[in-house]
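The sequence shown begins at 1 in the numbering used here and counts up one residue at a time.
Virtual Cβ for every residue (Gly too), placed ideally from N, Cα, C.
Since the structure is predicted, the reported quantities are computational estimates derived from the model, not experimental observations.
Worksheet: the structure to be examined is printed underneath.
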Amino acid sequence: MKEQLLQSPVFQMAATQFDRVADYLELGEDIRERCKWPKRLITVTMPVRMDDGRTEVFFGHRVQHHLSRGPVKGGLRYHPSVDLGEVAALAMWMNWKCALMRLPYGGAKGGIACDPRGMSTREKEKLTRRFTMEMLPFIGQEVDVMAPDMGTDEQTMAWMVDVYSTYAGHLVPGIVTGKPLELQGSAGRKQATGHGVAFLASRALNKLGITVTGATAVIQGFGNVGHYTAETMSGFGMHVCGISDITGAIWNGKGLDVSALHKHVVANGGVAGFPEAEAIDPEALLLQECDVLVPAAVERVITKANAAQLRCKVLAEAANGPTTPEADTIIEERGDIFVIPDVLCNAGGVTVSYFEWVQNLQRFHWGEREVLTKLETHMEGAFERFLTFVRSKKVSHRMAALCLGICEVVKVKQVRGLFP
Ligand code: NAD
């Protein structure tokens, strides 16, 4: 199984990052192995009757990295490229992220290899319900709590609540987070990840002495994370000049009208063709001069092929795993880019998921301002711990963020000891 996981380029990347940190921390072989490998890897097949009468069999995965620090937490992704290695890598990153943010969770991730863009709502509903049913023995509000990720949304979570609650015989809202408000979702959850990204980007600009109002940004991806990052940045007075998605990339040097763009995307399915901007090559978009570059789509887009040509001052990693270890080395040698590593940068989502779960367990409700204020306080605390580590240990930003998360997990493993 170890070899199988290591064949996945995304898992290789997560494992390389972990090995670098473990070497730095001088972790012994026993604790290193315990921390690196996932606790549970679950793969299921799901036959679904499609609208045209065919039965299609989908593969789905759930990887629970560690359960030592609490229930596991992590998104569910629908994307054609999903495989076990990718899901295991994302689960490992979630583990370090929850620990870095001092949330009482282990990390997990789920994914189904499918193309949600080519499926009807009915087909997606059947697939989601079947997956939830297959997962029943492995999930629970004290065991494993899922949330939306690429290709899934609050409707997906609502179907999951319905299946789980039907089997339980009563409503169990805490089984997932990122669900609709009507089902006891949390105010502020939808925009949480993007809000956190924009907030930390503004804090990084402050540290560099760059005025936030009027600063420029480029964003790859205009889904949940990219859209709310853009919206929050615009609210801060920043100019979001370039945005791309699966349909293409657009540019307006004076700043895009984010609300108008969102309406265009809802009506047309993507950013391409937005009238108040010019089309630009999606690869070239990443290399445009800007204050903040935000990859908010898929993994491994900042690579050794483009890292030397980046022209941003802050790299705010909203996506999980957007920068390869080779690119990390190049960026570190350049020394002129303030990297906000993914495990910190996009942690707003899991932080407000935690708030949602707490509200569900307590049957309590907080308002949006309260949630977003708590989020900013939580992220500010993590950002300051991270900067203190960078300064005191003189290590790269990636090393600092991962060290903070991994050290928490190591401490818990050591204090709990080994069973039996
Ligand atoms: P989403 O499905 O809502 O949106 C994904 C966006 O990326 C879409 O606009 C899509 O068109 C675009 N995209 C896909 N491939 C692309 C490519 N090759 N080039 C440019 N654009 C491309 O997904 P999301 O929830 O916004 O998640 C985006 C990233 O953020 C993922 O890496 C995810 O793991 C991470 N993330 C999401 C959350 C969350 O709360 N949703 C939390 C933490 C991290």
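Is the beta carbon of residue i less than 8 Å from the beta carbon of residue j?
| i | j | result |
| --- | --- | --- |
| A318 | C345 | yes |
| C241 | G223 | no |
| M13 | R391 | no |
| A215 | V163 | no |
| T315 | I280 | Reading the sequence as shown, one finds Leu at residue 315 and not Thr. Contact: no. |
| T213 | G194 | no |
| H65 | K39 | yes |
| G248 | A267 | no |
| L136 | Y105 | no |
| M160 | G110 | no |
| A327 | K304 | yes |
| K413 | R34 | yes |
| I219 | A296 | yes |
| V265 | A230 | no |
| H262 | H239 | no |
| A187 | G348 | no |
| G60 | I112 | yes |
| K73 | G118 | no |
| L375 | G174 | no |
| M92 | F18 | yes |
Buried or exposed: where does residue i fall if 16 or more other Cβ atoms within 10 Å of its Cβ makes it buried?
| i | result |
| --- | --- |
| T443 | Beyond the ends of the chain as shown, which are 1 and 420, falls residue 443; an answer cannot be given. |
| D245 | buried |
| H170 | exposed |
| E356 | buried |
| M46 | buried |
| K207 | exposed |
| K179 | buried |
| Q359 | buried |
| M150 | buried |
| M22 | Reading off the sequence, residue 22 comes out as Ala, not Met. Buried, because 16 or more other Cβ atoms sit within 10 Å of the Cβ of A22. |
| H397 | buried |
| E154 | buried |
| A260 | exposed |
| R369 | exposed |
| Q4 | exposed |
| L418 | exposed |
| R122 | exposed |
| F383 | buried |
| F274 | buried |
| R334 | exposed |
| R189 | buried |
| L256 | buried |
From this set, the options, which residue's C-alpha is nearest residue i's C-alpha?
| i | options | result |
| --- | --- | --- |
| R502 | T132, P47 and L200 | Any question about residue 502 goes unanswered here, given that the chain covers just 1 to 420. |
| L183 | M157, A201, K190 and L200 | M157 |
| A401 | L387, V410, Q414 and V412 | L387 |
| E332 | T121, L310 and L181 | L310 |
| T480 | G85, D336 and S165 | Outside the displayed range of the chain (1 to 420) lies residue 480, so it cannot be described from this structure. |
| M233 | I210, A204, F199 and H262 | F199 |
| L286 | L90, E276 and P322 | P322 |
| L41 | E56, R122 and A89 | A89 |
| L27 | L418, C403 and R416 | C403 |
| D144 | G70, A204, T211 and V197 | G70 |
| M196 | V371, G174, S8 and L418 | In the sequence as displayed, the identity of residue 196 is Gly instead of Met. The candidate whose alpha carbon is nearest that of G196 is V371. |
| P148 | E134, G185 and V172 | G185 |
| S81 | T55, W37 and P116 | P116 |
| F11 | W37, I31 and A382 | W37 |
| Q288 | T329, I243, R334 and E276 | I243 |
| V87 | R102, A201 and V298 | V298 |
| G270 | A284, D336, G335 and G221 | G221 |
| R203 | A284, L256 and G381 | G381 |
| R102 | L256, R334, R385 and L181 | R385 |
| D336 | R416, L205 and F389 | L205 |
| E134 | R189, F58 and R363 | F58 |
| L181 | H365, C407, T377 and P420 | H365 |
Could you check how far apart the C-beta atoms of residue i and residue j are, in whole angstroms? I think they sit under 8 Å.
| i | j | result |
| --- | --- | --- |
| L76 | T152 | 5 Å |
| V352 | G405 | Not quite, the Cβ-Cβ distance comes to about 18 Å (not below 8 Å), so this is no contact. |
| Y24 | M379 | Incorrect: roughly 25 Å between the Cβ atoms, too far for contact. |
| L127 | C114 | 7 Å |
| I250 | E278 | 7 Å |
| S8 | D51 | In fact, because the Cβ distance is near 32 Å, the residues do not count as touching under 8 Å. |
| V48 | R130 | 6 Å |
| V350 | K124 | About 24 Å separates the two Cβ atoms, so there is no contact after all. |
| V294 | S68 | Contact doesn't hold; Cβ gap of about 32 Å is too wide. |
| T55 | P325 | At roughly 41 Å, the Cβ-Cβ gap does not stay under 8 Å, so T55 and P325 are not in contact. |
| Q141 | V172 | 6 Å |
Against chain D, does residue i count as a neighbour if the rule is that its beta carbon must be under 8 Å from one of theirs?
| i | result |
| --- | --- |
| Q288 | Here chain D cannot be found, since the structure has a single protein chain. |
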